[in-house]
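Residue numbers (mature numbering (1 follows the signal peptide of the UniProt record, and there is no 0)): -21 to -1, 1 to 74. Beta carbons: idealized from backbone N, C-alpha and C, even for Gly. Step one of this worksheet: look at the structure below.
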Amino acid sequence: MKVSLALLILLLAAACTDIKAASFRSTRPECCTEEMLVHKKIPPSRIQGFQYTASSCPLKAALVKLPKLAVCVDPEEKWFQYYLRMQKKPNAIST
């Protein structure tokens, strides 16, 4: 009985854990919540890539891939908009 109760509590705790990172390998669409958004500026040198959340998600967000995890950011944040503009700029050096 004690083992069953402990297992039930463990399963409930695991189900209720707030996960702030999303896997880029998942085949199902990842959605972000307001609580999951990271509002700190992320240095562009740490960003390995990003993808927007699916249109079926209730909150429009971008999943930003960092070296060890992925975080949710508001795509309207000024720093993220600047990052996008810098990604679109052609290199000044051409061959």
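Beta bridge pairing from DSSP links PHE29 with VAL43. The three-state reading of DSSP puts LEU63 in helix, counting H, G and I together. Our two residues, CYS51 and LEU63, have alpha carbons roughly 15 Å apart in a direct line. Sequence-distant Cβ neighbours of PHE59 in its own chain, meaning closer than 6 Å and more than five residues away, are VAL52.
THR12 counts as exposed, since fewer than 16 other C-beta atoms from the protein chains shown sit within 10 angstroms of its C-beta. The straight-line gap separating the alpha-carbon atoms of ALA40 and PRO69 is approximately 26 Å. By DSSP's assignment, CYS51 forms a beta bridge with LEU16 and LEU42.
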